[in-house]
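Residue numbers (this note's numbering): 73 to 361.
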């Protein structure tokens, strides 16, 4: 299933994408796609619904793709999880996964505006596979780890490199800015992604291809990451893990290339959909609206 939400902030409605790519209204079946819906039993009930009988929804005009589920708990990120990205960052391949967090106020819909913070100098892009937890996970084995995954999604781990690297402390300063976590358009349930380690991914800036990769080149795969992270914190339904980016980020280009107001980012992962964001200068109205 491809689950999604649409509508203005605070008035989002649940929907599902049928086999023909049409959006169908789910509001008569459930009030929202929440973390509770991601439980395997609840997903099984939802899968039994006759989607073709649900009303069609048209959001092709001014409609908004919202984050695909509500009640996102933890937004956990993995750094330097592709060897070639570590190389372009002039950093060694990590012996264990590097973990950091994005705060929930960074989360936006997949096509919402990306707003650079005041005095931003080095805004950057990162297409990443998101792993959505559906079952409480604590000290799970790598062999069982994928059983705890509800589905997958596209994430743009937008970053401000000066804040991240040059301002002292951890990476969070450059990762947690408002609008720096576009998610969606869909949450694709795990049954439609038989091999999360074989997904093509790409990102364009202003129509120019910047990133091309495949999840097969991850240093630490999805199952290993879920198992590893569950040793340090309990994972709950609705938590999401952003699993790292392939090479081609602005910081690694020669010379480095960074985002500026007016730029457009377009990115996607095979089977999981596409995102498009326009970059804006600081404007709180675009964040709160």
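Cβ coordinates follow ideal geometry from the N, Cα and C atoms, glycine included.
Within 10 angstroms of its Cβ, does residue i collect 16 or more other Cβ (buried), or is it exposed?
i           : result
residue 315 : buried
residue 281 : exposed
residue 356 : exposed
residue 132 : exposed
residue 163 : exposed
residue 96  : buried
residue 134 : exposed
residue 165 : exposed
Between which two residues does the alpha helix (DSSP H) holding residue i run?
i           : result
residue 296 : 294 to 301
residue 152 : First-last for residue 152: undefined, no H or E at that position.
residue 74  : Segment 74 to 78 is the beta strand (DSSP E) holding residue 74; no alpha helix (DSSP H) there.
residue 217 : Counting along the chain, residue 217 falls outside any alpha helix (DSSP H), and DSSP gives it neither H nor E.
Rounding to the nearest angstrom, what Cα-Cα distance links residue i and residue j in this structure?
i           : j           : result
residue 149 : residue 107 : 19 Å
residue 214 : residue 294 : 9 Å
residue 201 : residue 342 : 10 Å
residue 218 : residue 233 : 32 Å
residue 168 : residue 126 : 46 Å
residue 145 : residue 88  : 22 Å
residue 59  : residue 115 : Here the chain comprises residues numbered 73 to 361, so residue 59 is not present and cannot be evaluated.
residue 220 : residue 210 : 10 Å
residue 156 : residue 325 : 13 Å
residue 228 : residue 94  : 24 Å
residue 270 : residue 287 : 5 Å
residue 236 : residue 121 : 45 Å
residue 240 : residue 337 : 28 Å
residue 73  : residue 344 : 11 Å
residue 204 : residue 259 : 8 Å
Could you give the C-beta distance for residue i and residue j, rounded to a whole number, given that I count them as a contact under 8 Å?
i           : j           : result
residue 309 : residue 111 : 6 Å
residue 226 : residue 252 : The Cβ separation is near 15 Å, so there is no contact.
residue 329 : residue 199 : Not quite, the Cβ-Cβ distance comes to about 15 Å (not below 8 Å), so this is no contact.
Does residue i come out as helix, strand or coil in the three-state DSSP assignment?
i           : result
residue 283 : strand
residue 157 : helix
residue 324 : helix
residue 193 : coil
residue 210 : coil
residue 246 : helix
residue 87  : strand
residue 170 : strand
residue 231 : strand
residue 138 : strand
residue 109 : helix
residue 177 : helix
residue 237 : helix
residue 163 : coil
Since residue i is in the beta strand (DSSP E), which residue starts that stretch and which ends it?
i           : result
residue 205 : 199 to 205
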